[in-house]
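Note sheet for the following structure.
Protein chains in written order, with my numbering: chain A, 6 to 265; chain B, 136 to 424; chain C, 21 to 359.
Pasting the structure below:
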């Protein structure tokens, strides 16, 4: 299942372009990381890819079809989104929240089927939130909620998973677990992954391709070896780093300014 | 054969006529007896007073919360306020007739009572000229039209007596207020306004509907000779502070600001002539030496 | 909550229990009143036209049934609007429809002559006012073809302020007795309506509940945010329109018949959400039933506490609702939300 953005532009009325002339594609079984400084349009790009936002110019195609012509339920059966923030106003339980991921597969009437429940339970297991199943999400910590949201996306049984900074609130153990989970989804289930990440080392480790955005434009795209280089990082992020190969793993070291 | 049928039909009609002639007066008498309701419920104080003044007091079985005259009513069962009478309480009293004033607040209750099969008579005593009519309507509803006529006649006589006292008295400029905060005055299109005019007084308020709200500036500009502060029956007497401030006004300077217990006057019932006399005396005290 | 999600058993169990409670409440409320009646005598078919029967069937039962229908409708509308506005403290009167309905009703009350002998003109005018208000509010709150939540709230507040000011103006130009009557109508009453109107309103409100139930899953998703709902496959604009219209029509109809009864649409959904959870497939019918029970009890208190003099039911709902609300707020502070 191929999702591609073709020369998409997005701007608010009477505002500057948030995303301009970006063309990006992800095919079946691919893992693409998107990185860039704050405000470079990464979240907006994800919104365009999911079809929730409409581009001001250009188009987004899913399997060759313009996503504007695809019914939202059908989209949601193919593409799941893990947003950046998971603010919850109402006290749904974790199980109820994850089961909402089954909504695109369900009709108007009736309650969830045993299969729906099984899918949701598996999703909760994989994200390690099964123990919270009966608790209201409003009682969980930020990190726990984020994992619940990931579980909800998994419950959608998507072909493509879009994640916006999925490890931001997670501690080391859970961040590692999520990245491992994404890799597993990709390899075992063939799910294509597009993730906005800040940690370039993790991106290089797990993702087959990386794209850099700066000021709404696609600056570079390619394999980690091609992209994660000191000069490129300086150009995109305006910061000096040291990039080293460490036992076959590409590691990015930030270089703090030393006081005299 | 046809001729015989016609004859029989003719006899049948005649018999019917004869019976009818006998039946109708009997029915009328029966109807007349049935027309004297034994149990009356009153929804408004003015109605209660009128009923008692016509001698129907013994048949009144329920009154509104605000009915307080004559003293005999103190022990009667209450059925709620005239704005929201309790349908249950009225039904529990099994009335033959319910009599009330027209008010948008009791419209639904009245409909419910009528749907329950209760006879409800609503009168509209909006202006002074309506009082004889509504008195007669209440009397008819209570089954005592003659008593109603007598009451109307009595009230006419008493009103005429007061008017006679006021013959040729100079018309005074009067302001009558029924509330101070806000300052609500009696306007020309109201029942009280009619009374003021009858008392040979010129209401300084000439527009603004029945109960206009006034600004203090208006009062100063209008400069009434007499101010009647009737305070809705709850504020007793004219507070010195309020009116003393307006010391440019003729009425204040001449000490012609008078309190007036208002509830008697607000009722379009049998005490109206007495209240009218009180009002006239306040405006033209020289005619009551 | 052991299972953590909604099962058929829980759905029918909770609704069933509430239905039983509602029935008991209805019977108890019909048996109680400022006047003591003999229930057996009232129900005895051989004794026709006894005052007990008249009171029961003409005064009490219509009232109790209307309270149930009005309470249910207000609570259901409140539930839907709280999800739509993503605000568990939203009240159905917030969006301005009630203000417009009240204004139209008061105009009819103050200026229309009571012809035809029927007081249908006030509810009819009020409902018309509600429809006009819905049209106005939506037009004003439309942002690029979408009903935006913040715009809706803002417009609602302004609209209420405007209609409230007009109401006060009318109050100054009518006479004292009219003003008193207007105040009473505004404060809300479920008394003195006929069975036809009550039956029609019951069908109407249950239809409204049904329409909202069709959108129950969408309401769940919408309460997460428009973007989240779209990501989960909800046709967001269409859903928001339909839900808003259904809720607004419920509120408009109810205010037209019974005036402004506050607190039911705010407290009942909130409390029931704390008790049975936020899944709208359960919460919507539960709110209807709980709202019905609540208003029947409030009305019963309103008409019995002071004997023949009635307290307006809106006063009772506020007096009762506020402390209950405050208590539950303190007890379940964490469950309120993460904002």
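Ideal Cβ positions, reconstructed from N, Cα and C, are used throughout, including at glycine.
Predicted, not measured: the structure shown is a model, and the values here were computed from it.
- If the five residues before and after residue 207 of chain B are omitted, its C-beta is found closer than 8 Å to the C-beta atoms of 187 and 192, all from its own chain and listed in chain order.
- Among the residues facing chain C, residue 14 of chain A is not included, as its CB has no counterpart in that chain under 8 Å away.
- Counting the other Cβ atoms within 10 Å of the Cβ of residue 131 of chain C gives fewer than 16, which makes it exposed.
- Here DSSP, grouped into helix, strand and coil, assigns residue 203 of chain B to coil.
- For residue 313 of chain B, the enclosing beta strand (DSSP E) stretches over residues 307 to 314.
- Taking a C-beta distance under 8 Å as the contact criterion, residue 287 of chain C and residue 208 of chain C do not qualify as a contact pair.
- The contact set of residue 344 of chain B on chain C, defined by CB atoms closer than 9 Å, consists of 193, 194 and 195 in chain order.
- The shortest CA-to-CA distance from residue 253 of chain A to any of A/210, A/16, A/157 and A/117 is the one to A/210.
- For residue 271 of chain B, same chain residues with a beta-carbon under 8 Å away, outside a window of 5 residues either side, are 280, 283, 284 and 287 in chain order.
- Residue contact check for residue 240 of chain C against chain A: a CB pair falls below 8 Å.
- Inclusion of residue 155 of chain A and residue 141 of chain A in the CB contact set at 8 Å is not warranted, their separation being larger than that value.
- Secondary structure at residue 235 of chain B: strand, using DSSP grouped into helix, strand and coil.
- The beta carbon of residue 98 of chain A sits closer than 8 Å to some beta carbon of chain C.
- Taking a Cβ-Cβ cut-off of 9 Å, residue 168 of chain C has no neighbours in chain A, whose nearest Cβ is about 14 Å from it.
- By the beta-carbon neighbour count (other beta carbons within 10 angstroms, threshold 16), residue 230 of chain C is exposed.
- Per the DSSP secondary-structure output, residue 176 of chain B pairs in a beta bridge with B/197 and B/233.
- DSSP places residue 65 of chain A within a strand segment (E or B) once states are collapsed to three.
- Of the residues A/123, A/225 and A/66, the one whose Cα lies closest to the Cα of residue 13 of chain A is A/66.
- Under the 10 Å beta carbon count, residue 310 of chain B is surrounded by 16 or more other beta carbons and is classified as buried.
- Taking the beta carbon of residue 78 of chain A as reference, the chain C residues within 7 Å of it are 253, listed in sequence order.
- Rounded to whole angstroms, the separation of the alpha carbons of residue 196 of chain B and residue 230 of chain B is 8 Å.
- Taking residue 194 of chain C as the centre and dropping the five residues before and after it, the same chain places the C-beta of 130 and 202 closer than 8 Å to its C-beta, in chain order.
- Shown here for residue 172 of chain B: same chain residues with a beta carbon closer than 7 Å to its own, the five before and five after excluded, namely 194, 231, 232, 277 and 278 in chain order.
- Listed in chain order, the non-local C-beta contacts of residue 377 of chain B below 7 Å within the same chain comprise 315, local neighbours out to five positions each way being set aside.
- Ranked by Cα distance from residue 182 of chain C, the options C/301, C/240 and C/115 are led by C/115.
- The beta carbon of residue 25 of chain C falls within 8 Å of a beta carbon belonging to chain A, placing the residue at that interface.
- When secondary structure is reduced to three states using DSSP, residue 147 of chain A falls in the helix class.
- With respect to the C-alpha of residue 264 of chain B, the residue from B/404, B/338 and B/175 having the closest C-alpha is B/404.
- Exposed is the label assigned to residue 147 of chain A, since fewer than 16 other Cβ atoms lie within 10 Å of its Cβ.
- Identification of residues in the stretch 88 to 122 of chain C having a C-beta nearer than 7 Å to some C-beta of chain A yields 106 and 108, given in sequence order.
- Contact annotation for residue 74 of chain C against chain B: 226 and 251 [CB-CB distance below 7 Å, chain order].
- Straight-line spacing of the CA atoms in residue 327 of chain C and residue 318 of chain C works out to 15 Å.
- As the crow flies, the alpha-carbon of residue 96 of chain A is around 19 Å from that of residue 233 of chain C.
- Going by DSSP, residue 394 of chain B is part of the beta strand (DSSP E) stretching over 392 to 394.
- Neighbours of residue 300 of chain C in chain B, taken as residues whose beta carbon is under 7 Å from its own, are absent, since the nearest beta carbon is some 36 Å off.
- Taking a C-beta cut-off of 7 Å against chain C, none of the residues of the stretch 224 to 246 of chain A qualify.
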